[in-house]
């Protein structure tokens, strides 16, 4: 199977650069957003659709691109995180005008960011090298 880029919430922007990472699949396509009433019919519909679309997410090949509503994006990340210990994101760089892949792995209640180019070198979420890496490098 090919990679899928799950776009959390479709808005009128050009997603063509993300297609280099896989087939685009929009989680929420219409103007729906999460509203302030947690048990509203709208929120139940958004949650049901989000769970259904993300059921196909494979943490070893797919990406989540957070777009539009930050609440829908957070919901997508939460749903993926409840089923997998790894999540891969696409992050847009406005300066370079391109997406960069990021991978986060949760291990024993700690979160590490790994860079796509060197997934064997985990970094702390704050971006610093781990202490054992600093010792090995002689610093």
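Residue numbers (the working numbering): 30 to 168.
Built from N, CA and C at the ideal position, the CB exists for glycine as well.
Residue i (DSSP reduced to helix, strand or coil)
{"i": "residue 93", "result": "strand"}
{"i": "residue 80", "result": "helix"}
{"i": "residue 115", "result": "strand"}
{"i": "residue 100", "result": "helix"}
{"i": "residue 39", "result": "coil"}
Environment of residue i [buried if 16+ CB atoms lie within 10 Å]
{"i": "residue 77", "result": "exposed"}
{"i": "residue 46", "result": "exposed"}
{"i": "residue 124", "result": "exposed"}
{"i": "residue 67", "result": "exposed"}
{"i": "residue 59", "result": "exposed"}
{"i": "residue 70", "result": "exposed"}
{"i": "residue 135", "result": "exposed"}
Distance cut-off 7 Å: residue i Cβ against heavy atoms of the ligand HEM
{"i": "residue 35", "result": "Summarising the ligand content, the structure contains no ligands, and the ligand HEM is consequently not present."}
Strand pairing of residue i, partner residues [DSSP]
{"i": "residue 34", "result": "53 and 92"}
{"i": "residue 45", "result": "Answer is none; residue 45 lacks a bridge partner."}
### Three-pair Cβ contact test at 8 Å for the stretch 39–54 versus the stretch 89–100
Put simply, the stretch 39–54 touches the stretch 89–100. At least three CB pairs are less than 8 Å apart.
### Query
Per the contact definition of three or more C-beta pairs closer than 8 Å, is the stretch 67–87 in contact with the stretch 106–117?
They touch, by the three-pair rule.
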